[in-house]
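If you count the sequence shown from 1, you need to add 24 to reach my numbering. By construction, the Cβ of each residue, glycine as well, lies at the ideal position given by its N, Cα and C atoms. Source: prediction; values computed, not measured. Each remark here refers to the structure printed beneath this line.
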Amino acid sequence: MIRIAHVGGWSRNYGDLALQQGQMRVLREDSSKPLDFLPIHCQQTVFHTDLIDRINETCDLLVLGGGGMIFHRPEDSSQSGWQFNISRENLDRLKIPVATYGIGYNAFHFDQMKLLPVAMEHLKATQDKASLFSVRNQGSKDALVAGGLDEGRIDVIPDPGMYVSPYRFKLPGADDAGLKIGLNWAGDRPHFRFSEPWEKNRQALIEALCDAFEEMKAASPSLKVFFIPHLVDRIDSDVWQLFSDRLGETIVNLEDSASHIYPPSFAQAAFLADTYRQMDITVGMRGHANIIPFGMNTVTVGLGSHDKVGFFLKEAGLESNWLSTQHEPDAGGGAKIAEKLQKLLDRKEKEEALMAERLSEFREVTRSYNQRLLALVD
């Protein structure tokens, strides 16, 4: 038996919970020995000396990530400036092997502060401590190398959210739907997701999306848009009324119609995955709103300004599938959005074949890294 102290954002975000399930799945598949996990939620845990003693005495390996851990949240009061809330002194107290697992650079595009200097210094110390150090895409690697980390000691591996296993889910409204479009909107930190004036630019994007869906519905009258939140407490549904006022019964909010799978939990992440599996195409603002449908072989389109969306799509060979708002707040307008979505639907089988091939390649990279990781304790 190998026991892994598994550190990540295991709480309020469906994407990270799906990641946790997918990562545990592939690690177990690739291990010759049974695995046990001690989950540690990084955003609510200070690594104090008693906890470190417990980890040293009861675990064989400490794994940081996956997920977008390279991000400063002031509300966490993290000693490190990123999501690993451990002092440099206590980092040295860890006696078991330490590895990072596909962690991601997660700073917002319009956040002028980005990462604090203390975070980069701590990340350097973590890399020195780690037996293996990996990030989830080349964009994250480039950001860390620019911050002073050793390029030769950074592996790039896939985000394991793509490996979450779906479980059949009765999707409300699916029986009446012909064309099904999944829409994930990220409601947190809008002042960092949109250029100023952010309220006006957020509204411009909502109007453009509604214009696009109305145009597509004219050609496909049975179209349904499924609004798929990832966060607790209606944070992603904050703008729901703006979509509902425009689209009426064309759009369904799962946080209302499927409230039985909310708030997000590890036990129900498989139902979120199956929701994405049932879509014909998805439009996602969150990183995992692209990564999870990709793993379900559902055509995926990125939305918004966050660099991590572009990083993943480029890694997956889908870099043109990004409705970026970094330069155009409305992502080019409704007609352009509708045209992009329709073109992808028209070549759906080819897109699915390309994604399946890339997913197979990703799995081989993951298997190789898992073997190196597990060899640390063999």
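The residues F157, L173, D174 and R177, in chain order, have a CB closer than 7 Å to that of Q151 in the same chain once the five nearest residues on each side in sequence are set aside. When beta bridges are read from the DSSP output, D179 appears opposite S158.
Between the region 325 to 334 and the region 71 to 81, the count of C-beta pairs closer than 8 Å stays below three; the two stretches do not touch. Separation of the CB atoms of I230 and F267 is rounded to 7 Å, and the pair is thereby assigned contact status at 8 Å. Going by C-alpha positions, Q44 is about 8 Å away from F290.
For the region 52 to 100, the full-length alpha helix (DSSP H) segments reaching 4 residues or more read 73 to 82 along the chain. A straight-line Cα-Cα distance of about 22 Å links L115 and S164. Counting C-beta pairs with one atom in each stretch, the region 288 to 306 and the region 180 to 196 have three or more that are closer than 8 Å, which means they touch. With a 10 Å radius around the Cβ and a threshold of 16 neighbouring Cβ atoms, D402 comes out exposed. Counting only runs that start and end inside the region 126 to 175, the beta strand (DSSP E) elements of at least 3 residues fall at 127 to 129. Using a C-beta cut-off of 8 Å, the region 333 to 347 makes contact with the region 304 to 321, since at least three inter-stretch Cβ pairs fall below that distance. In this structure S344 is exposed. Its beta-carbon is surrounded by fewer than 16 other beta-carbon atoms within 10 angstroms. Straight-line spacing of the CA atoms in F95 and G105 works out to 8 Å. Taking every protein chain shown into account, the CB of A362 has 16 or more other CB atoms within 10 angstroms, so this residue is buried. In this model, S348 and D212 are separated by some 18 Å (Cα to Cα).
DSSP places R258 in the coil class of the three-state scheme, outside both helix and strand. Apart from the 5 residues on each side of it in sequence, L140 sits with its Cβ closer than 8 Å to the Cβ of H96 and G105 in its chain, given in chain order. Under the DSSP assignment, K119 falls outside any alpha helix (DSSP H); it carries neither an H nor an E label.
Nearest to S219 by alpha-carbon distance, out of N130, L378, D135 and L369, is D135. The alpha carbon of G92 has as its nearest neighbour, out of F71, G126 and S101, the alpha carbon of G126. About 6 Å separates the CB atoms of E279 and R258; that is less than 8 Å, so the two are in contact. With respect to D304, L203 sits close: the two C-beta atoms are nearer than 8 Å. Annotated three-state conformation of H30 is strand, per DSSP. Separation of S155 and P121 (C-alpha to C-alpha, rounded to the nearest whole angstrom) is 6 Å.
Excluding its 5 nearest sequence neighbours in each direction, N208 has C-beta neighbours in its own chain below 6 Å: I252, G308, M309, R310 and A313, listed in chain order. With a cutoff of 8 Å on beta-carbon distance, G206 and F250 are scored as near each other. Among the bridge pairs identified by DSSP, L347 is matched with L327. The beta carbon of S111 sits closer than 7 Å to those of Q103, all from its chain and outside the five residues before and after it, given in chain order.
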